[in-house]
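Numbering (this note's numbering), first residue to last: 196 to 505. Quick reminder that beta carbons are idealized off the backbone N, C-alpha and C, glycines included. Down below is the structure, laid out as structure tokens.
As structure tokens, then:
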């Protein structure tokens, strides 16, 4: 029979392992989980733990799973940057319709339908965990600096019964997009970039145009964004105003995008394409583009450090 004293002793040993030992254990656990054959070490030159595919934060997998064992393991895991560098926060949203009542005295159409994209409950939980444990819980260090610039993966879905019956509706996509937490992103993947998402990206609560359904003339910036992935890019010139481009992202270097047609590549103005091609060092296209677009790409992209992939 195991005594409580021996249980305490076993627990204390697990909780007091040296940081470097815990770090090696955690990295090997993660490497086995994601089928990485190469050695990984906390010491020396850092090697990427995850491959090109996105690793979404999941409560049943490392690194988040390691944070749920005990406070010691949580503190250790949060201070190993390699565990988190390739992890994306999964953000799922759906379109919700609400009935808004007009003011008193309005006899015709007393209610109007208002639709917006809303974050689902699980996405809110992930965001709250990250903000409470990373943004607030960590002291300043190279690892905490990296974790405070998270990566996001957005997925659109059809609304489910549980979403529509939720007593606590989540924030709208536009409201989430203006938060400092999202604007600090290092990497973003969007499964679709269309009119709905572009309007949300351009939402600025301090600009009256946003309340009128127009694109703000002063969109908020992405100061830390290094990489942007767009799985499906749908662009039209009538999105609200001429010269619409992706919000200013001075650090953006890598772009992976699916281009559907010539206009999508050029945007509304040849001198101002939708994406900041001139500053990019890496471009990956999922399908061929027409000759005129290739010509513009070669002229505009003056800082490429690798060949264009498609």
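Task: Bounding residues of the alpha helix (DSSP H) (the contiguous stretch that carries residue 401) - done: Looking at the DSSP string, residue 401 is not in any alpha helix (DSSP H), and its letter there is neither H nor E.
Task: Three-way DSSP call (helix, strand, coil) for residue 529 in this model - done: It is not possible to answer for residue 529, since the shown part of the chain is limited to 196 through 505.
- [ ] Report buried or exposed for residue 250, applying the criterion of at least 16 other Cβ atoms within 10 angstroms of its Cβ.
- [x] Residue 250 counts as buried, since no fewer than 16 other beta carbons sit within 10 angstroms of its beta carbon.
Task: For residue 453, the three-state DSSP class (helix, strand or coil) - done: In the structure shown, residue 453 sits in coil (DSSP, three-state: anything other than H, G, I, E or B).
Open item on the list: According to DSSP, simplified to helix, strand and coil, what is residue 262?
Closed with: Annotated three-state conformation of residue 262 is helix, per DSSP.
- [ ] For the alpha helix (DSSP H) containing residue 214, list its first residue and its last residue.
- [x] First-last of the alpha helix (DSSP H) with residue 214: 214-228.
TODO: Using alpha carbons as the reference points, say which of 504, 349, 372 lies closest to residue 386.
DONE: Ranking 504, 349, 372 by Cα distance to residue 386 puts 349 first.
Open item on the list: Does the structure place the segment 249-268 close enough to the segment 280-294 that three or more beta carbon pairs sit under 8 Å?
Closed with: Under the Cβ criterion (8 Å, minimum of three pairs), the segment 280-294 counts as touching the segment 249-268.
Open item on the list: Here's the rule: buried if 16 or more other CB atoms are within 10 angstroms of the residue's CB, otherwise exposed. What is residue 317?
Closed with: With fewer than 16 Cβ atoms within 10 Å of its Cβ, residue 317 is classed as exposed.
- [ ] Indicate whether residue 396 and residue 442 have their beta-carbon atoms separated by less than 8 Å.
- [x] Yes, Cβ-Cβ distance for residue 396 and residue 442 is below 8 Å.
Task: Proximity of residue 275 and residue 314 at Cβ, strictly below 8 Å - done: Taking 8 Å as the Cβ cut-off, residue 275 and residue 314 do not qualify as a contacting pair.
Open item on the list: Check for me: the alpha helix (DSSP H) holding residue 378 runs from which residue to which?
Closed with: Segment 375-378, the alpha helix (DSSP H) holding residue 378.
Task: Distance between residue 424 and residue 221 (C-alpha atoms, nearest Å) - done: Residue 221 and residue 424 have their alpha carbons spaced roughly 29 Å apart.
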